[in-house]
Structure formats: structure tokens, C-alpha cells
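Step one of this worksheet: look at the structure below.
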Amino acid sequence: MSFEKLLMSLPGHTECACLPLCVDCQSRVDDCVSGRTSRSEDMKSSFGKKEGEYSRLVSKSSNKLLNSLWEKKQIPEEGWTEHTLDLFLSWLSSHDTNNRVDMIPVGAGEREGRVLTPLVQRLHSNLTHGIGRSGNLLEIQPKALGSSMLACLSNEFAKHALHLLDTVENYEIALYFTFFQVYKQLNRV
Numbered sequence: 001m002s003f004e005k006l007l008m009s010l011p012g013h014t015e016c017a018c019l020p021l022c023v024d025c026q027s028r029v030d031d032c033v034s035g036r037t038s039r040s041e042d043m044k045s046s047f048g049k050k051e052g053e054y055s056r057l058v059s060k061s062s063n064k065l066l067n068s069l070w071e072k073k074q075i076p077e078e079g080w081t082e083h084t085l086d087l088f089l090s091w092l093s094s095h096d097t098n099n100r101v102d103m104i105p106v107g108a109g110e111r112e113g114r115v116l117t118p119l120v121q122r123l124h125s126n127l128t129h130g131i132g133r134s135g136n137l138l139e140i141q142p143k144a145l146g147s148s149m150l151a152c153l154s155n156e157f158a159k160h161a162l163h164l165l166d167t168v169e170n171y172e173i174a175l176y177f178t179f180f181q182v183y184k185q186l187n188r189v
């Protein structure tokens with residue numbers, strides 16, 4: 001299942017949020033550049049066809065990379081750059097309700113991310129919301145979709161690593177890493 005399909009399947013999510021929004025009109029950047037919004041003429045004067053095509057290419061390649069990772073659920077054959085990992089973790093964290101830009105975070109939940117120090121928030125890539133539900137660590141937390149997706153991928157990466165070592169036939173992995181530790185481990189891949 002692709003990231004976009006996963007998002008669409010969840011209640012309250014009507015479109016993929018992975019594309020950046022235009023500061024002026026709050027439409028997707030590729031929509032603005034391609035002329036499908038009311039402010040497209042202003043955008044076209046600043047950004048021509050080449051820039052629009054480049055924007056679509058960047059978005060498409062990023063989506064392809066994320067979808068490939070999600071569909072294969074395996075450690076990538078080639079390691080990602082630190083910049084790519086930062087983008088990926090930022091994209092994931094934007095799906096947690098305490099980080100959404102289109103709503104005001106209330107922070108009333110028992111596992112909801114509340115961090116006072118920006119340094120701590122950055123060290124954890126803004127993934128401060130708890131995962132799991134009702135004692136089940138592996139169940140998806142709807143308010144922490146990004147954190148849940150990272151937990152799922154971490155679990156699949158651990159299974160893939162054990163499979164590559166060919167030492168265990170039947171296994172079920174529980175997530176023991178904090179998200180920062182996962183980030184450091186992925187950065188070494």
C-alpha cells in the first residue's frame with residue numbers, strides 16, 4: 001500500500017499532504033505553477049514552465065522514493081543522504097496531529113506530544129506523539145500517523161535485517177528504539 005493510499009484510508013484524511021503548499025493561496029505548489037488556481041497568473045510570471053516542470057519532477061521523485069520504501073518495507077539497497085532522511089522524518093512528523101499546520105494543537109491526550117524545548121523537539125525530529133493504542137504497541141495511533149508509520153517501518157527493517165542474516169525463521173519484533181535512535185541507525189545505512 002502506498003503512503004497516499006494509506007492516508008486516504010484513514011478517517012479525516014482526504015488527500016495526500018506530502019506536497020508543499022503555496023504561501024499565497026494555500027494550494028499545492030505544483031497546482032499553482034501549472035495554472036490551476038486563481039493566483040496562477042501571478043505565479044506564472046515568477047515561475048515559468050521549466051520551474052513548474054522541475055517542481056513536479058522533484059515532488060514525483062520524492063513520492064516515488066517514499067512509496068518504494070513503503071511498498072518494499074525493506075532496508076534500501078543504497079543508503080539515503082542525511083538531507084533525504086531529514087525530509088523523510090519531517091514529512092512523517094507532519095502527519096502527527098500535534099504537528100499539523102492546518103489545525104491548532106490542543107495537547108490534551110495522554111500520549112500527545114508536548115515539548116517545551118525546541119532543541120529536544122528537533123533532536124526527536126518533531127516525532128513526540130506516542131505510538132500504539134490500549135496497550136498494543138503495534139496498533140496504529142490515528143493521532144500519531146507519522147509516528148505509527150515510522151514504528152511500522154522500523155519493525156519491518158528489523159525483520160528484514162534478521163532475514164538478511166538468515167538466523168531466525170519465525171519472529172515478531174517489538175519496537176525498543178526511541179525515534180532518535182532509529183534516526184541515527186537509518187543514517188548509518
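For the sequence shown, full-length UniProt numbering begins at 1 and goes up steadily by one.
For every residue, glycine included, the Cβ atom is placed at its ideal position computed from N, Cα and C.
In the structure shown, residue 136 falls within a strand segment according to DSSP collapsed to helix, strand and coil. By a beta-carbon distance limit of 8 Å, residue 141 contacts residue 132. Their separation comes to about 6 Å.
Between residue 144 and residue 84, the CB-CB gap reaches or exceeds 9 Å. CA-to-CA, the gap between residue 154 and residue 74 works out to about 9 Å. DSSP places residue 86 in the helix class (H, G or I) of the three-state scheme.
According to DSSP, residue 96 shares a beta bridge with 144. Taking 8 Å as the upper bound for CB-CB distance, residue 149 and residue 92 are in contact here, some 6 Å apart.
Between the region 52-70 and the region 117-124 there are fewer than three inter-stretch CB-CB distances shorter than 8 Å, so the stretches are not counted as touching. Exclusion of the five residues before and after residue 90 leaves 125 and 126 as the residues of its chain whose Cβ lies within less than 8 Å of its Cβ.
The beta carbon of residue 128 is closer than 6 Å to those of 113 and 115 in its chain, skipping five residues each way along the sequence.
Counting C-beta atoms within 10 angstroms of its own C-beta, residue 61 has fewer than 16 neighbours from the protein chains shown and is therefore classed as exposed.
If you look at residue 125, you'll find it isn't in any alpha helix (DSSP H); DSSP assigns it neither H nor E.
If you draw a straight line from the Cα of residue 50 to the Cα of residue 79, it is about 30 Å long. Counting of Cβ neighbours within 10 angstroms places residue 48 among the exposed residues, the total staying below 16. The Cβ atoms of residue 146 and residue 95 lie closer than 9 Å to each other. With contacts defined by Cβ atoms closer than 9 Å, residue 137 and residue 158 do not form a contacting pair.
For residue 113, the three-state secondary structure derived from DSSP is coil. Following the DSSP letters along the chain, one finds residue 58 inside the alpha helix (DSSP H) bounded by residues 49-72.
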